[in-house]
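Just so we're aligned: the sequence shown equals residues 1 to 279 in the UniProt record's numbering.
Presented below is the structure to which this report refers.
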Amino acid sequence: MNIVYLIGLALAIFFTFFGIAVSMDGLVPTLNVTNLGNFFDVPSILIVVGGTLAVMVACYPKLAKSFPAHVKIMLRAKAFDPSIYVEQLTELAQIARKNGLLALEEKANEQTDPFFKQAIMLIVDANDPDRVRSILENDIEQTSARHQEVVAMYERGSNAAPAFGMIGTLIGLINMLKALDGADMDSLGPNMSVALVTTFYGSLLAHVLFNPIAANLTARDEEEILCRQIIVEGIMAIQSGENPKFLRERLMTFMRQKMREGEFQSGGREKKEKKSRKK
């Protein structure tokens with residue numbers, strides 16, 4: 001579960017409603033829940049939410065129905081860990097060096113990642129190295145393009161929400177001005193607040209919902225693409241018969257320095273444990 005996103009979302013909502021419902025009487029905060037009613041207007045919600053979703057569906061009709069799946073991807077814990085792929089590729093390199101590439105077929109069938117399984121089977125089937133790299137890199141490019149299209153849908157929603165907020169404000173102002181002639185001036189303030197609340201809804205929808213979703217999906221895409229790049233480099237090195245130890249060191253360069261240090265320390269601990277077991 002992506003706890004950080006949920007905490008950030010909860011804090012954003014909390015501070016927004018805190019600013020609405022709490023007023024300061026000197027240094028003493030005073031809670032006034034009735035203020036929340038000033039920010040609730042059904043027509044404004046329909047204009048902003050309905051209009052924004054309609055634009056997203058119109059621009060991305062095939063992707064809009066997958067909104068629950070996108071939220072599930074965003075909320076799940078880190079699914080792609082580069083260090084795991086580095087260790088698996090190192091193990092595959094050791095097997096291939098001892099028993100040949102055909103011995104990797106069994107390991108390929110154990111893989112839950114379809115891309116990893118495909119990569120292993122391509123070298124097991126003795127395909128040309130250039131062809132293997134071309135197939136895998138094309139797969140990465142197409143996957144990233146599909147991910148970026150999903151991200152673009154939420155960015156579109158983030159841009160559309162404030163625009164519909166402004167449209168709602170203009171609608172409210174036009175109706176208010178049309179009814180101004182001969183109207184009670186005491187109603188001017190309440191009518192103006194209703195006209196402006198749609199701008200509030202548009203900004204809230206864009207910056208609290210759609211922008212974080214787009215950012216989190218972009219991060220997930222980067223994690224997956226990094227792991228796939230590691231797989232490609234590792235598979236090509238295995239096919240060329242590279243030394244497993246050197247392969248591991250080379251693949252570690254794809255990871256951030258802190259992750260490398262963590263891997264080095266865990267690797268050192270594993271070696272010590274193996275030595276102690278032998279004793």
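Cβ coordinates follow ideal geometry from the N, Cα and C atoms, glycine included.
Computed from a predicted model, the values in this text were never measured in an experiment.
TODO: State the Cα-Cα distance for the pair residue 106 and residue 225, rounded to the nearest angstrom.
DONE: In the sequence shown, the residue the question calls residue 106 occupies position 106. In the sequence shown, the residue the question calls residue 225 occupies position 225. Rounded to whole angstroms, residue 106 to residue 225 spans 25 Å at the Cα level.
TODO: State yes or no: is the C-beta of residue 198 within less than 8 Å of the C-beta of residue 49?
DONE: In the sequence shown, residue 198 corresponds to position 198, counting from 1. In the sequence shown, residue 49 corresponds to position 49, counting from 1. Against a cut-off of 8 Å, the Cβ pair of residue 49 and residue 198 comes out as no contact.
TODO: Tell me whether residue 166 is buried or exposed, calling it buried when 16 or more other Cβ atoms sit within 10 Å of its Cβ.
DONE: Position 166 of the sequence shown, counted from the first residue, corresponds to residue 166. Classification of residue 166: exposed, given that the 10 Å Cβ count is below 16.
Task: For residue 81, the nearest candidate out of 254, 229, 223, 243 (CA to CA) - done: Working through the sequence shown from its first residue, we reach residue 81 at position 81. If we check each option's Cα against that of residue 81, 223 comes out closest.
- [ ] Could you name the residues of the same chain whose beta carbon sits closer than 8 Å to that of residue 5, not counting the 5 residues immediately before and after it, in chain order?
- [x] As a working note, residue 5 is residue 5 in the sequence shown. Cβ within range, chain order: 74, 75, 212, 216.
- [ ] Give the secondary structure of residue 240 by DSSP, where H, G and I count as helix, E and B as strand, and everything else as coil.
- [x] Taking the sequence shown and counting its residues from 1, one reaches residue 240 at position 240. Residue 240 falls in the coil class under three-state DSSP.
TODO: Could you pull the start and end residues of the alpha helix (DSSP H) that residue 30 belongs to?
DONE: Here residue 30 refers to the residue found at position 30 of the sequence shown. Premise fails: residue 30 lies in the beta strand (DSSP E), 28 to 31, not in any alpha helix (DSSP H).
Open item on the list: Check for me: the alpha helix (DSSP H) holding residue 116 runs from which residue to which?
Closed with: As a working note, residue 116 is residue 116 in the sequence shown. 114 to 124 is the span of the alpha helix (DSSP H), which, as asked, contains residue 116.
Open item on the list: I'd like to confirm the pairing. Which residues does DSSP put opposite residue 24 in its beta bridges?
Closed with: The residue labelled residue 24 in the question sits at position 24 within the sequence shown. Residue 24 is bridged to 29.
Open item on the list: Just to confirm the assignment, what range does the alpha helix (DSSP H) spanning residue 139 have?
Closed with: Against the sequence shown, residue 139 aligns to sequence position 139. It spans 129 to 178 - the alpha helix (DSSP H) in which residue 139 sits, taken as one unbroken run.
Open item on the list: For a test of the three-state rule: what should DSSP assign to residue 60, helix, strand or coil?
Closed with: On the sequence shown, residue 60 is found 60 positions in, with the first residue counted as 1. Here residue 60 sits in coil by DSSP.
TODO: Measure the C-alpha to C-alpha separation of residue 127 and residue 255 and round it to an integer number of angstroms.
DONE: As a first step, residue 127 must be located in the sequence shown, where it is residue number 127. As a first step, residue 255 must be located in the sequence shown, where it is residue number 255. The straight-line gap from Cα to Cα measures roughly 29 Å.
- [ ] Note down, in chain order, each residue of its chain lying with its Cβ closer than 6 Å to the Cβ of residue 33, except the 5 sequence neighbours on either side.
- [x] As a working note, residue 33 is residue 33 in the sequence shown. Around residue 33: 21.
Task: Coarse secondary structure for residue 2, derived from DSSP in three states - done: Taking the sequence shown and counting its residues from 1, one reaches residue 2 at position 2. Coil, per DSSP.
Open item on the list: Tell me the DSSP secondary structure of residue 221 in three-state form.
Closed with: Here residue 221 refers to the residue found at position 221 when the sequence shown is read from its first residue. Residue state, collapsed to three classes: helix.
Task: Cβ pair count under 8 Å reaching 3, the stretch 154 to 168 against the stretch 229 to 244 - done: In short, these stretches do not touch, since the Cβ pair count stays below three.
Open item on the list: Classify residue 233: buried if its beta carbon has 16 or more other beta carbons within 10 angstroms, exposed otherwise.
Closed with: Taking the first residue of the sequence shown as 1, we reach residue 233 at position 233. Its Cβ being crowded by 16 or more others within 10 Å, residue 233 is buried.
Task: residue 42 classed as buried or exposed, judged by whether at least 16 other C-beta atoms fall within 10 angstroms - done: To locate residue 42, count along the sequence shown from 1; it is residue 42. Exposed, since its Cβ has fewer than 16 Cβ neighbours within 10 Å.
Task: Status (buried if at least 16 other CB within 10 Å, exposed otherwise) for residue 1 - done: Along the sequence shown, one-based indexing puts residue 1 at 1. Exposed, since its Cβ has fewer than 16 Cβ neighbours within 10 Å.
Open item on the list: Given this structure, state the Cα-to-Cα distance separating residue 158 from residue 209, to the nearest angstrom.
Closed with: For the purposes of this step, residue 158 is identified with residue 158 of the sequence shown, where counting begins at 1. For the purposes of this step, residue 209 is identified with residue 209 of the sequence shown, where counting begins at 1. Distance between the alpha carbons of residue 158 and residue 209: 8 Å.
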